[in-house]
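S.K.: Count along the sequence shown from 1, add 3, and you get the number used in our numbering. Input: one structure, supplied below.
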Amino acid sequence: GWGVIARRAQDMGAAILAPILAAFGAAWLALRRYLRRRPRPCPECGTVMEKAPEATEDDHLNGGQKLEEFLRSVDYDVWHCPDCAHITVHGYKRWGGRHSVCTNCGFRTFESTSTVLAAATTSRAGRKRLDYNCRHCGHRDHEIRTIPKISESKSSSGGGSSRSSFGGGRSSGGGASGRW
């Protein structure tokens, strides 16, 4: 009866929705690629800048930026003006990276390790310690997080944190000093 009709309607909705979502995803990736590679005017003289070859980019990056590229947390593009030799550096966060922004130096070189202090059970929550170490400036930090108790249905949910000041970093519109 109505259950069969409802299931068929859901299946048809998924069949229609999947290609639409795929098209939006492809369009988003194409837009990101265009915005990254588009010609850009020199902020000093207005001439169209040229993207430097990957092999020569490191000559224009500082130590923290080079480490971010090595750790694959940020990818930098260097643009130079053929007329006035102005250099602009743009950074792009890589997706899926395991490094976060260091609260001390601002580079995406913060690594974390986790140690379970008390395992969660079905009757009580557990605790874990997260230790952070910056590969650039050596800054260290830690926080204790709650591990939610295990529910009878074996599903999991997010945990809480005993430290509220962690996170952040800086945001900018790009340029030679921009990091996030």
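We put the beta carbon where it would ideally sit given N, CA and C, even for glycine.
Please state whether DSSP places W127 in a helix, a strand or coil.
M.R.: As written in the sequence, residue 127 is Arg, which differs from the Trp given in the question. It is coil, neither helix nor strand.
S.K.: Tell whether a beta-carbon distance below 8 Å holds between L64 and V104.
M.R.: Taking 8 Å as the Cβ cut-off, L64 and V104 do not qualify as a contacting pair.
S.K.: In three-state terms, what does DSSP make of I23?
M.R.: Of the three classes helix, strand and coil, the one that applies to I23 here is helix, per DSSP.
S.K.: First and last residue of the beta strand (DSSP E) that includes T118?
M.R.: From DSSP, the beta strand (DSSP E) with T118 extends over 113-121.
S.K.: How close, in whole Å, do the beta carbons of S115 and Y135 come, if the pair is a contact with beta carbons under 8 Å?
M.R.: Confirmed, about 5 Å.
S.K.: What does DSSP give as the partner residues of N226 in its beta bridges?
M.R.: No answer is possible for residue 226: the residues shown for the chain start at 4 and end at 183.
S.K.: With a threshold of 16 other CB atoms inside 10 Å of the CB of G94, please say whether the residue is buried or exposed.
M.R.: Burial call: buried.
S.K.: For T59, I'd like the list of residues in its chain whose CB is within less than 8 Å of its CB, leaving aside the five on either flank, ordered along the chain.
M.R.: Counting only Cβ-Cβ distances below 8 Å, and skipping sequence neighbours, we find V81.
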